[in-house]
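Structure first, then comments.
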Amino acid sequence: MSRIIAVSNQKGGVGKTTSTLNIGAALSELGKKVLFVDLDPQGGLTVSCGFEPDSLPKTVYNAMMRGLDAKEVMLATKFGPDLLPANIDLSLAEMDLIGTVSRERRLGIVLKEVRDEYDFILIDCQPTLGLLTLNALAVADEMLIPVACEYLALRGVKALLKMYGKVRLQLNSKLRIVGILPTMYDERTKHSKEVLEEIKATFNGKIPVFDIVIKRTIRFAEAAQAGESIMTYAKGVDGASAYRKLAELLASQA
Ligand code: ADP
Ligand code: MG
Numbered sequence: 022m023s024r025i026i027a028v029s030n031q032k033g034g035v036g037k038t039t040s041t042l043n044i045g046a047a048l049s050e051l052g053k054k055v056l057f058v059d060l061d062p063q064g065g066l067t068v069s070c071g072f073e074p075d076s077l078p079k080t081v082y083n084a085m086m087r088g089l090d091a092k093e094v095m096l097a098t099k100f101g102p103d104l105l106p107a108n109i110d111l112s113l114a115e116m117d118l119i120g121t122v123s124r125e126r127r128l129g130i131v132l133k134e135v136r137d138e139y140d141f142i143l144i145d146c147q148p149t150l151g152l153l154t155l156n157a158l159a160v161a162d163e164m165l166i167p168v169a170c171e172y173l174a175l176r177g178v179k180a181l182l183k184m185y186g187k188v189r190l191q192l193n194s195k196l197r198i199v200g201i202l203p204t205m206y207d208e209r210t211k212h213s214k215e216v217l218e219e220i221k222a223t224f225n226g227k228i229p230v231f232d233i234v235i236k237r238t239i240r241f242a243e244a245a246q247a248g249e250s251i252m253t254y255a256k257g258v259d260g261a262s263a264y265r266k267l268a269e270l271l272a273s274q275a
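So the mapping is simple: the working numbering equals the position in the sequence shown, first residue as 1, plus 21.
This is the structure in structure tokens:
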């Protein structure tokens with residue numbers, strides 16, 4: 022049985038897509054079978070995996086809304102994981118879903134057929150708390166929340182946690198938070214340190230915050246542009262060992 026992890030934060034630019042990609046690539050290095058689900062109509066994960074979203078005739082949208090099997094939509098990536106890709110079609114799903122029976126369960130229905138074939142399914146959520154994100158949280162076992170160590174980092178997290186509470190009550194009582202992942206950490210600035218302290222203090226004892234911190238480095242953007250994971254593009258940087266450690270931690274949990 023796979024573990025389904027939704028990588029979620031409705032703030033954009035906090036490292037959701039980067040974390041999904043690199044955790045998945047690192048889990049693959051450990052020999053785990055991984056499925057990526059791009060649930061963002063922007064298709065950031067799809068692009069990062071080397072595909073041109075708008076040229077894809079079939080995406081996760083067709084599986085969720087048109088009843089295609091996941092297998093018919095799935096692509097193999099060079100990082101190891103398989104991918105259910107997304108493109109702008111998925112933005113229609115938000116609207117289409119409103120009038121649909123079991124509108125929060127469409128992704129769950131898609132993943133049901135394939136979930137036993139994977140150790141991990143990582144869902145890259147879009148930066149809103151709409152129906153797509155609700156679909157991710159309804160099927161997920163866990164949420165992983167990247168939070169950037171910068172100004173206003175925690176503002177959006179409160180709303181996300183509220184949604185988490187509601188989902189647990191109404192849709193998915195097994196959902197839990199595997200951890201908050203501090204990202205974009207700049208050790209040279211006092212500000213970054215203060216925000217990291219604030220994150221730890223705010224959630225202390227309530228929600229796990231990973232000891233692993235992802236430092237800010239231009240290498241991530243460069244790696245994305247080169248179509249590589251941080252582990253292959255710049256294996257010496259802290260970010261590469263951090264995502265490796267995180268993957269090892271996830272893989273070691275029962
Ligand atoms: P999100 O999916 O939350 O919108 P992304 O993962 O797309 O965020 O990251 C936003 C931008 O920041 C991308 O250009 C990415 O390459 C870059 N980035 C991600 N993680 C880091 C990091 N630790 N340090 C510096 N830049 C990063
Ligand atoms: Mg993204």
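No residue lacks a Cβ here, since even glycine has one placed at the ideal position from N, Cα and C.
Asked: Please list, in chain order, all residues with a C-beta atom less than 5 Å from at least one heavy atom of the ligand MG.; Found: K37, T38 and G65
Asked: Closest to E219 by CA distance: which of V35, G64 and P203 is it?; Found: P203
Asked: Just the Cα atoms here: how many angstroms apart are T277 and P229?; Found: The first residue shown for the chain is 22 and the last is 275, placing residue 277 beyond what the model contains.
Asked: State yes or no: is the beta carbon of S250 nearer than 8 Å to at least one beta carbon in chain B?; Found: Given the protein chain composition of this structure (a single chain), no chain B is represented.
Asked: So is the beta-carbon of R237 under 7 Å away from any non-hydrogen atom of the ligand ADP?; Found: yes
Asked: So which of A157, M164 and A91 has the shortest CA-CA distance to F231?; Found: M164
Asked: For a test of the three-state rule: what should DSSP assign to K211, helix, strand or coil?; Found: helix
Asked: Classify Q246: buried if its beta carbon has 16 or more other beta carbons within 10 angstroms, exposed otherwise.; Found: exposed
Asked: Looking at the structure shown, is F72 part of a helix, part of a strand, or coil, going by DSSP?; Found: coil
Asked: Relative to the C-alpha of E50, which candidate in N83, T38 and F100 has its C-alpha closest?; Found: F100
Asked: Give me the Cβ distance between V160 and I25, rounded to the nearest whole Å; I'm assuming they're in contact under 8 Å.; Found: 6 Å
Asked: Helix, strand or coil: which one does DSSP assign to F57?; Found: strand
Asked: Would G88 be called buried (16 or more neighbouring beta carbons within 10 Å of its own) or exposed?; Found: exposed
Asked: Straight-line CA distance for C70 to T98?; Found: 6 Å
Asked: In whole angstroms, what is the alpha-carbon distance linking A180 and E215?; Found: 22 Å
Asked: Can you name the start and end residues of the alpha helix (DSSP H) that A268 belongs to?; Found: D259 to S273
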